[in-house]
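Residues 0 to 191 (numbering that gives the first Met the number 0) make up the sequence shown, in order. Ideal Cβ placement from N, Cα and C applies to all residues, glycine included. One structure is given here, and the rest of the page talks about it.
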Amino acid sequence: MWARASAGSSPRESFRTLQTQAVTAMTIHTILHYPDKRLRIPGEPVTDFGDELAKLVDDMAETMYAAPGVGLAAPQIGISWRIFVIDVSSEGPSELRAFVNPEIIEKDGKVAWEEGCLSFPGVHQEIKRAERVKVRAQDATGESFELEADGLLAIAIQHENDHLEGKLMVDHLSPLKRRSVHRTMVKRAAAS
Ligand code: ZN
0 MWARASAGSS
10 PRESFRTLQT
20 QAVTAMTIHT
30 ILHYPDKRLR
40 IPGEPVTDFG
50 DELAKLVDDM
60 AETMYAAPGV
70 GLAAPQIGIS
80 WRIFVIDVSS
90 EGPSELRAFV
100 NPEIIEKDGK
110 VAWEEGCLSF
120 PGVHQEIKRA
130 ERVKVRAQDA
140 TGESFELEAD
150 GLLAIAIQHE
160 NDHLEGKLMV
170 DHLSPLKRRS
180 VHRTMVKRAA
190 AS
């Protein structure tokens, strides 16, 4: 999900501190940009909670912080698994959360937020979503948890969960706005 302001003490630093015991170097992945077709491939459920998954989750977090962004889903780096990471903290300690095989089990209220997406650099659009959500997921070790969220975290969960279905922010826009964003992104892809 969209870029955060990059001033002050960054959660990236806190995250690095937490990771001092990691033995393998982290990999920053290339984030796919719309209209890359791989963004439309739904994620497969994760069944193997081994070292490979732990490494992928670490790499996804590192890729998100480097962008910088507040959320990243595995299909955005071309990996069709049901995983996303979110950290909506703007400063101070990291609030990194990994959601594996997530399921939004309750939605309540309506709210409009201006959203961005790391797969749509420079694009910001107002999108209406549920104001509060309850999500059930597993963490990187396979442990199940439930989380109730509101505010930016609730928006981020819904945005990233969409990615796992191959659904993108443009799908929430009116046909006119969708065409406009599509044209902008296609032009940009052709220029790069
Ligand atoms: Zn996104």
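Where residue i falls, given that 16 or more other Cβ within 10 Å makes a residue buried
{"i": "I76", "result": "buried"}
{"i": "A21", "result": "Confidence at A21 is low in this model, with a pLDDT of 49, below 50, so its placement is unreliable and no value can be given for it."}
{"i": "V185", "result": "exposed"}
{"i": "L175", "result": "exposed"}
{"i": "A66", "result": "buried"}
{"i": "R96", "result": "buried"}
{"i": "G49", "result": "exposed"}
Under 8 Å between C-beta atoms of residue i and residue j
{"i": "A148", "j": "V132", "result": "yes"}
{"i": "H192", "j": "A190", "result": "Because residue 192 is not part of the residues shown, which for the chain are 0 to 191, the question remains open."}
{"i": "F98", "j": "H162", "result": "no"}
{"i": "Q124", "j": "E113", "result": "yes"}
{"i": "E61", "j": "I27", "result": "yes"}
{"i": "S89", "j": "G42", "result": "no"}
Close Cβ partners of residue i (< 7 Å) along its chain, the five nearest in sequence each way excluded
{"i": "N100", "result": "P44, V45, R81, A136 and Q137"}
{"i": "V87", "result": "V69, E94, L151, L152 and A155"}
{"i": "E159", "result": "M0, G70, A72, F83 and I85"}
{"i": "E51", "result": "none"}
Own chain residues within Cβ distance below 8 Å of residue i, not counting five before or after
{"i": "E130", "result": "D107, G108, K109, V110, D149 and A153"}
{"i": "A53", "result": "A139 and T140"}
{"i": "P34", "result": "H181, M184, V185 and A188"}
{"i": "F144", "result": "R135, A136, Q137 and D138"}
{"i": "K166", "result": "none"}
6 Å CB neighbourhood of residue i in its chain, flanking five on each side removed
{"i": "A169", "result": "In the sequence on display, residue 169 carries Val and not Ala. Here the set comprises R177 and V180."}
{"i": "M59", "result": "L71 and V84"}
{"i": "R37", "result": "L31 and G77"}
{"i": "M25", "result": "D57, D58 and E61"}
{"i": "H171", "result": "I126"}
{"i": "V217", "result": "With the chain covering only 0 through 191, there is no way to say anything about residue 217."}
{"i": "L146", "result": "V134"}
{"i": "F119", "result": "Y33"}
Near the ligand ZN: residue i beta-carbon under 7 Å from a heavy atom
{"i": "M184", "result": "no"}
{"i": "H171", "result": "no"}
{"i": "H32", "result": "no"}
{"i": "M59", "result": "no"}
{"i": "H158", "result": "yes"}
{"i": "M25", "result": "no"}
{"i": "H28", "result": "no"}
{"i": "H181", "result": "no"}
{"i": "H162", "result": "yes"}
{"i": "M168", "result": "yes"}
{"i": "M63", "result": "no"}
Residue i beta carbon near the ligand ATP (any heavy atom closer than 7 Å)
{"i": "S118", "result": "Ligands displayed in this structure: the ligand ZN; the ligand ATP is not among them."}
Practice prompt. Could you tell me which uninterrupted alpha helix (DSSP H) segments, each at least 4 residues in length, are contained entirely in the stretch 56-113, listed from first to last along the chain?
Written response: Note on the stretch 56-113: there is no whole alpha helix (DSSP H) run with a minimum of 4 residues.
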